[in-house]
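Beneath this line is the structure, given in structure tokens, with notes to follow.
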């Protein structure tokens, strides 16, 4: 389930790209992709509670529509090595992988499960090839909610859309148990770490220039995704947060499961 907040109500959407205005709605249902503005080719994902899953969803949608896209990070990210994994800034290798697999996962390995960003100059080379960049721009230590610390997020200047993700499973729990960067969260909310996180707190974090909007520059679009709305209580929390956050400058989405409704292998996998 994926929904967009439109005119004070939730509207069902099939495509994450369409819900964010990155492609025309008709394209999501088998139409022909149209070339979009340059700024929309770099998507930076911040926040917590499903960033990597969101990244995979973007990959699958781009692959399905024939949009060349490379997924990676500007900081660090968990990853799985597969036939579409690029571990060095090699443009020719990137071309070959995109040709063979339809997508690309990139980063410099620092362990068996984690990689760090490739150089920004390489990301810009990919852009000159017409390749979309899907980038995680901060970390959350597997917590559902966060606020950025000093130096976070790391948003590529060419970013056209910043998507901030929050996990609804954090609502109703003590801030100290479900938030990454507890001190920063408390400072934005004016609360103590033992206090319970509410749905309106999520809206406040999302709207704050020290929270979800940190690093969002003029000319960049901004959207918020309330993830894990897989119970009635969490859907109700998403509704409350959306009402509190509602602004013509912010797209608001809600998802129960970020994996797409159509059946595809995960990006770069074979067999």
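Numbering (our numbering), first residue to last: 1 to 271.
Idealized CB from N, CA, C, for every residue including glycine.
Everything numeric in this text was worked out from a predicted model, so none of it was measured.
Pairwise C-alpha distance: residue 11 and residue 115: 36 Å
Counting C-beta neighbours from all protein chains within 10 Å, is the total for residue 59 16 or more, i.e. buried, or is it exposed? buried
C-beta atoms of residue 68 and residue 130 nearer than 9 Å: yes
Less than 8 Å between the CB of residue 115 and some heavy atom of the ligand GTP, yes or no? Looking for the ligand GTP in the displayed structure turns up nothing, as the structure carries no ligands at all.
List the endpoints of the continuous alpha helix (DSSP H) containing residue 221. Looking at the DSSP string, residue 221 is not in any alpha helix (DSSP H); the run it does join, the beta strand (DSSP E), is 221-227.
Just to confirm before moving on: does the CB-CB distance between residue 214 and residue 255 stay below 9 Å? no
Kindly indicate which residue of 78, 109, 66 and 65 has the alpha-carbon position closest to the one of residue 86. 109
Are there 16 or more other CB atoms within 10 angstroms of the CB of residue 18, so buried, or fewer, so exposed? buried
Which residues in the same chain have their Cβ closer than 7 Å to the Cβ of residue 151, if we skip the five residues on either side of it in sequence? none
If residue 163 sits next to residue 6, beta carbons under 8 Å apart, how far is it from one beta carbon to the other, in whole angstroms? Going by Cβ atoms, the distance from residue 163 to residue 6 rounds to 17 Å, so no, they are not a contact pair.
Helix, strand or coil, according to DSSP, for residue 182 in the structure here? helix
Just checking my contact of residue 249 with residue 222 at CB under 8 Å: how many whole Å lie between their CB atoms? 7 Å
Would you please state the rounded distance, in angstroms, between the beta carbons of residue 105 and residue 123? I believe it to be under 8 Å. The pair is not a contact, with the Cβ atoms about 14 Å apart (cut-off 8 Å).
What's the C-alpha gap between residue 167 and residue 13? 19 Å
Using the Cβ count rule (16 or more neighbours within 10 Å means buried), how would you classify residue 3? buried
My understanding is that residue 198 touches residue 171, with C-beta atoms under 8 Å, so please give their C-beta distance in whole angstroms. 6 Å
Residue range of the alpha helix (DSSP H) that includes residue 1: Where residue 1 is concerned, there is no enclosing alpha helix (DSSP H), given that its DSSP letter is neither H nor E.
Residue environment, residue 138, which counts as buried when at least 16 other CB atoms sit within 10 Å: buried
Compare the beta carbon distance of residue 175 and residue 193 with 9 Å and say whether it is the shorter of the two. yes
Measuring alpha carbon to alpha carbon, tell me which of 149, 75, 204 and 237 ends up nearest residue 119. 75
Among 245, 230, 237 and 240, which has the Cα closest to the Cα of residue 259? 230
Residues in its own chain within less than 7 Å of residue 186 by CB, not counting five upstream and five downstream? 175, 192 and 193
Specify the secondary structure class of residue 191 as computed by DSSP and reduced to three states. coil
Could you name each continuous beta strand (DSSP E) segment of 3 residues or more that falls completely within the stretch 64-134, going from the start of the chain to the end? 69-73, 76-78, 104-106 and 114-116
Same chain, Cβ closer than 7 Å to residue 245, neighbours up to 5 away in sequence not counted: 203, 206, 207, 224 and 252
Residue range of the beta strand (DSSP E) that residue 255 falls in? 250-255
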